[in-house]
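Novice:
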Amino acid sequence: MDWQTITALSCVLGTLAVFAYRIARPSGKKSGCGKSCGCGVEKKR
Amino acid sequence: MSTVPEVPPTVALVGNPNSGKSTIFNALTGKNQRVGNFAGVTVEVKVGETYNPHGKKLHVLDLPGCYSLRANSPDEKIALEALTGQLPKTAKPDLVVCVVDASNLERHLQLALQVIELGLPCVLALNMVDVAEKSGLRLDPAKLSEELGIPVVPMQAKAGKGITDLKQALRHPFPPVSEATWLANAESDENDRRDFIARLCELAARRPDSQQRTLSDKLDSFLLHPFFGWVALVAVMFCVFWAIFSFASIPMDLIDGALGGFGGWVESLMQPGDFRSLLVDGIIAGVGGVLVFLPQIILLFLFIGLLESSGYMSRAAFLMDGVMAKAGLSGKSFLPLFSSFACAIPGVMATRTIDSAKERLVTIFVAPWMSCSARLPVYFLVVPLILGEKEGSWKQALILFGIYVLGTVTAFVVARVLRGRLGPEATTSHFMLELPSYRMPQWGYILRHVLDRGWAFVRKAGTVILGLSILLWALVTYPKSDSEDPGEALAHSAMGRIGEVIEPVVKPLGFDGRTGTAILTSFAAREVFVSSIGIIFSVEETDDDVETRSLIRDKISKATWPDGRPLFTPLTMVSLLVFFIYALQCLPTTAVVAREAGSWKWAIGQFVFMSGFAYLASLIVFQVGRLMGF
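Chains as they are written, first to last, in the numbering used here: chain A, 13 to 57; chain B, 873 to 1502.
Structure, rendered in structure tokens:
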């Protein structure tokens, strides 16, 4: 494998790792969803 | 001895949409924020800092514009949470500035009374007194202050008048909490408020005996007319569309050319290899393919800003309310769905202003069926093949129009069905929309907003699209083939093999494995289909898109099945077109839907439903067409 193949494969693996991390990490963001819509977000009050 | 640093007091700005709240926030804090003339400009809490006349630092919160604190919509919910100190990482306000439009005092005071009822110290910013006085209203701020029990500051925020007086009102100690004396009837707070406001306005905001017709009233008699109003709406929307598609083509061509040149420059710098291919064919081509739509996005938001700022967008939403009701939606869904014709991403983001959670989810669900501009390269490739002629005839324009109508009508039908299935609202939701006076667009704010949106789009292209382009490149590159022929290399790749595996699935739609592969690649972004089909059928790309599409058409019209039958018949092309009208082939949209709907379940459900719908529709078209002898 030449340096170009190694670099390209590293980029692909790095991207996969970033996507996997972003999918797996718990979301800290509050959704803008309202209530009783069946979307799975519970209203706090 | 160390002292604990004193936390600056927090002042929250609250008010109805379009009351000038964001203008006051900007004037107080020096921050630039979008100012619109349509409901829901601020959908998140903006934070800034200012100093009172004694030099004491104050945190200033700009809360989303809302009509009440009933927490029916996301913006009302955020406003209530911020005022009651329930919003994470945001301190409970020590003082609330209720911004009201003096020319619409009756309606705006409803929210101000609800804020006072929360037991927070308040100051009433009586904004747009010039507009109120021009309409003949005689205001008595001292009487208002006496009756409400809070300081009242007359203002013309747009002209910068009254800001100093408002800062004076932010001095320590803050005014005492006023008592909600109007709440006499424990059963109906709303009636109590309404009665109190009626009495208050008689005392402190007297109208002249004869109502004068303002310029806005005169314009509305035409623009909201049952017939001419619609003529005007269609004319305005046509002009917006025409401008987006015609003006945008110049910068789009420039971006396309610049990216092509950049790709060529990178190619000339490096030896052939995987990394060069990743940079040129994966990253530059992938990200560039999305960035090329930036001019359209910018133009769309420029027009939306113009229509909002001038006050016309509220009229459009008002007119469309009846049409939207047929789909189980309200006029507030009009703007998001209209925006989706350019790109579903801003359309989905614009649904935040919709009060009803169910209506919002339904709007998000059907928004990608509004034919976005990314579908156009595919339509431009396929439509001439159906008619067997070159690009640019009126018959092709008619088919293109039909495509837009088909997507829109289907979206409305599905919205109607889905809205019915989600059931009635837990709480009654009213479509309440301010019809503000017409005014000259605020160019500075519009341009800043356009730049914000444009930057958000570029950021998206630089993150999600960049990642997807890299992964897509890997799928079409590995495992590598010894062949120099790009078509054979693709057939040997993971994507090509997947295409081969799915051939039995796509064959009933009239496609072979090669077309299936091209369709698979286009699930990241629709426009990728054109370049994929070019690679698969070994077509050399040229600098001119029209010429490239013409070369692809020449090549694929000669392609055959192994038994010699033509692969791309007019019927196959219609089937392909139907698939592209309905399939959700845009991963960034799916990512935005997941964020806005608050659940990946909705995003995945939407993706599966739309793709399944596209498959079924395409299947029916091809099989019925074949039975009919096409």
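Backbone N, C-alpha and C fix where the C-beta goes; we use that ideal spot for every residue, glycine too.
Every value quoted in this text rests on a predicted model; they were computed, and no experiment measured them.
I think residue 1544 (chain B) touches residue 1448 (chain B), with their Cβ atoms under 8 Å apart; what is that distance to the nearest whole Å?
Specialist: Absent from the structure is residue 1544 (chain B), since the part of chain B shown begins at 873 and ends at 1502.
Novice: Shortest alpha-carbon distance to residue 31 (chain A) belongs to which of B:1337, B:1325, B:1446, B:1443?
Specialist: Along the first sequence, one-based indexing puts residue 31 (chain A) at 19. Nearest option by C-alpha distance: B:1337.
Novice: Mind listing which residues of the segment 1142–1163 of chain B have their C-beta closer than 7 Å to chain A's C-betas, in chain order?
Specialist: Listed by position along the chain: 1145, 1146, 1147, 1148, 1150.
Novice: Compare the Cα-Cα distances from residue 1523 (chain B) to each of B:967, B:920, B:1127, B:1153 and report the closest residue.
Specialist: The requested residue 1523 (chain B) does not occur in the structure, where chain B is confined to residues 873 to 1502.
Novice: Residue 1136 (chain B) and residue 1399 (chain B): beta carbons closer than 7 Å?
Specialist: Taking the second sequence and counting its residues from 1, the one referred to as residue 1136 (chain B) is at position 264. Taking the second sequence and counting its residues from 1, the one referred to as residue 1399 (chain B) is at position 527. Not a contact, by the Cβ cut-off of 7 Å.
Novice: Does residue 988 (chain B) come within less than 7 Å of chain A when only Cβ atoms are used?
Specialist: Within the second sequence, the letter at position 116 stands for residue 988 (chain B). With 7 Å as the cut-off, residue 988 (chain B) does not count as an interface residue toward chain A.
Novice: Can you give me the start and stop residues for the beta strand (DSSP E) that residue 884 (chain B) sits inside?
Specialist: What you label residue 884 (chain B) is simply residue 12 of the second sequence in a count that begins at 1. Where residue 884 (chain B) is concerned, the enclosing beta strand (DSSP E) stretches over 882–887.
Novice: Sorry if obvious, but does the Cβ on residue 1400 (chain B) come closer than 6 Å to a heavy atom of the ligand NAP?
Specialist: Although the ligand NAP was asked about, the structure shown includes no ligands whatsoever.
Novice: Going by DSSP, name the residue or residues bridged to residue 923 (chain B).
Specialist: Within the second sequence, the letter at position 51 stands for residue 923 (chain B). B:929.
Novice: Determine whether the Cβ of residue 20 (chain A) lies closer than 7 Å to any Cβ atom of chain B.
Specialist: Translated into positions along the first sequence, residue 20 (chain A) becomes position 8. It does: the Cβ of residue 20 (chain A) has a partner Cβ on chain B nearer than 7 Å.
Novice: Flag this pair as touching only if the segment 1275–1285 of chain B and the segment 1417–1426 of chain B have three or more C-beta atom pairs under 8 Å; answer yes or no.
Specialist: No, the segment 1275–1285 of chain B does not touch the segment 1417–1426 of chain B.
Novice: Assess, as a yes-or-no matter, whether the segment 1373–1391 of chain B is touched by the segment 1182–1191 of chain B under the definition of 3 or more beta carbon pairs within less than 8 Å.
Specialist: No: the two stretches stay apart, fewer than three of their Cβ pairs being nearer than 8 Å.
Novice: Measuring CB to CB, does residue 24 (chain A) end up less than 7 Å from residue 1155 (chain B)?
Specialist: Numbered from 1 along the first sequence, position 12 holds the residue referred to as residue 24 (chain A). Numbered from 1 along the second sequence, position 283 holds the residue referred to as residue 1155 (chain B). For residue 24 (chain A) and residue 1155 (chain B), no; Cβs fall outside 7 Å.
Novice: Measure from the alpha carbon of residue 1078 (chain B) to the alpha carbon of each residue in B:1039, B:1028, B:1009, then state which is nearest.
Specialist: Reading the second sequence from its first residue, position 206 is the one you call residue 1078 (chain B). Residue 1078 (chain B) has its Cα closest to that of B:1009, out of B:1039, B:1028, B:1009.
Novice: What residue range does the alpha helix (DSSP H) around residue 1493 (chain B) cover?
Specialist: Your numbering for residue 1493 (chain B) matches position 621 in the second sequence. Residues 1472–1499.
Novice: Taking Cβ positions only, does residue 1346 (chain B) come closer than 7 Å to chain A?
Specialist: For the purposes of this step, residue 1346 (chain B) is taken as residue 474 along the second sequence, with counting starting at 1. Yes - at least one Cβ of chain A is within 7 Å of the one on residue 1346 (chain B).
Novice: Taking the alpha-carbon of residue 35 (chain A) as reference, which of B:1472, B:1496, B:1499 has the nearest alpha-carbon?
Specialist: Counting from one through the first sequence, the residue named residue 35 (chain A) turns up at place 23. Of B:1472, B:1496, B:1499, the residue nearest in Cα terms is B:1472.
Novice: Answer yes or no: do residue 1452 (chain B) and residue 1250 (chain B) have a C-beta to C-beta separation smaller than 7 Å?
Specialist: Here residue 1452 (chain B) refers to the residue found at position 580 when the second sequence is read from its first residue. Here residue 1250 (chain B) refers to the residue found at position 378 when the second sequence is read from its first residue. Yes, Cβ-Cβ distance for residue 1452 (chain B) and residue 1250 (chain B) is below 7 Å.
Novice: Based on the DSSP output, what are the partners of residue 1033 (chain B) in its beta bridges?
Specialist: Taking the second sequence and counting its residues from 1, the one referred to as residue 1033 (chain B) is at position 161. Note: residue 1033 (chain B) sits in a beta bridge opposite B:1028.
Novice: Kindly list the residues whose CB is nearer than 7 Å to the CB of residue 1244 (chain B), restricted to its own chain and excluding five residues on each side of it in sequence; keep chain order.
Specialist: Walking along the second sequence from the start, residue 1244 (chain B) turns up at place 372. If we look at residue 1244 (chain B) and ignore the five residues flanking it on each side, its Cβ neighbours are 1212, 1213, 1214, 1215, 1216.
Novice: Taking the C-alpha atoms as reference points, what is the distance between residue 13 (chain A) and residue 1146 (chain B)?
Specialist: Here residue 13 (chain A) corresponds to residue number 1 of the first sequence, with the count starting at 1. Here residue 1146 (chain B) corresponds to residue number 274 of the second sequence, with the count starting at 1. About 10 Å.
Novice: In terms of residues, what are the limits of the beta strand (DSSP E) holding residue 967 (chain B)?
Specialist: Looking up residue 967 (chain B) in the second sequence gives position 95. First-last of the beta strand (DSSP E) with residue 967 (chain B): 967–973.
Novice: So, does the CB of residue 1342 (chain B) fall closer than 7 Å to a CB anywhere in chain A?
Specialist: Position 470 of the second sequence, counted from the first residue, corresponds to residue 1342 (chain B). By this cut-off, residue 1342 (chain B) is an interface position.
Novice: Assess contact between the segment 882–896 of chain B and the segment 1028–1047 of chain B, defined as three or more Cβ pairs (one per stretch) separated by less than 8 Å. Is contact present?
Specialist: Contact holds: three or more Cβ-Cβ distances are below 8 Å.
Novice: Answer yes if the segment 1158–1177 of chain B comes into contact with the segment 1317–1337 of chain B, meaning at least three C-beta pairs across the two stretches below 8 Å, and no otherwise.
Specialist: Yes, they touch.
Novice: Judging by CA-CA distance, which residue of B:1499, B:1369, B:947, B:1456 is the nearest neighbour of residue 1380 (chain B)?
Specialist: Residue numbering aside, residue 1380 (chain B) sits at position 508 when the second sequence is read from its first letter. Looking at the Cα atoms, B:1499 is the closest of the given residues.
Novice: Classify residue 879 (chain B) as buried or exposed, calling it buried when 16 or more other Cβ atoms lie within 10 Å of its own Cβ.
Specialist: Reading the second sequence from its first residue, position 7 is the one you call residue 879 (chain B). Exposed: under 16 other Cβ atoms inside 10 Å.
Novice: Three or more C-beta pairs closer than 8 Å, one from the segment 1427–1441 of chain B and one from the segment 1478–1492 of chain B: is that the case here?
Specialist: Result no; under three Cβ-Cβ pairs closer than 8 Å.
Novice: Do we get a CB-CB distance below 7 Å when we pair residue 1339 (chain B) with the residues of chain A?
Specialist: Residue numbering aside, residue 1339 (chain B) sits at position 467 when the second sequence is read from its first letter. By this cut-off, residue 1339 (chain B) is an interface position.
Novice: Sort B:983, B:925, B:932, B:931 by Cα distance to residue 952 (chain B) and report the nearest one.
Specialist: If you number the second sequence from 1, residue 952 (chain B) lands on position 80. It is B:983 whose Cα lies nearest to the Cα of residue 952 (chain B).
Novice: Taking residue 1024 (chain B) and residue 1034 (chain B) to be in contact with their CB atoms under 8 Å, please state how far apart those CB atoms are, rounded to whole angstroms.
Specialist: Counting from 1 along the second sequence, the entry for residue 1024 (chain B) is found at position 152. Counting from 1 along the second sequence, the entry for residue 1034 (chain B) is found at position 162. Rounded, the Cβ-Cβ distance is 11 Å, inconsistent with contact.
Novice: Does the segment 1458–1472 of chain B come close enough to the segment 1342–1361 of chain B that 3 or more CB-CB pairs lie under 8 Å?
Specialist: Not touching, per the Cβ criterion.
Novice: Would you list the one or two residues that DSSP bridges to residue 1010 (chain B)?
Specialist: Locating residue 1010 (chain B) in the second sequence gives position 138, counting from the first residue. Note: residue 1010 (chain B) sits in a beta bridge opposite B:1078.
Novice: Find out if the Cβ-Cβ distance for the pair residue 1039 (chain B), residue 925 (chain B) is shorter than 7 Å.
Specialist: Within the second sequence, the letter at position 167 stands for residue 1039 (chain B). Within the second sequence, the letter at position 53 stands for residue 925 (chain B). It is a contact, given that the beta carbons lie within the stated cut-off.
Novice: Hey, would you say residue 1340 (chain B) sits closer than 7 Å to residue 1396 (chain B), going by beta carbons?
Specialist: Within the second sequence, residue 1340 (chain B) is the residue found at index 468, counting from 1. Within the second sequence, residue 1396 (chain B) is the residue found at index 524, counting from 1. Cβ distance < 7 Å, so residue 1340 (chain B) and residue 1396 (chain B) count as in contact.
Novice: What runs of the alpha helix (DSSP H), each 4 residues or longer, lie entirely inside the segment 1141–1198 of chain B?
Specialist: Listed in chain order, they are 1146–1149, 1157–1163, 1166–1182, 1184–1198.
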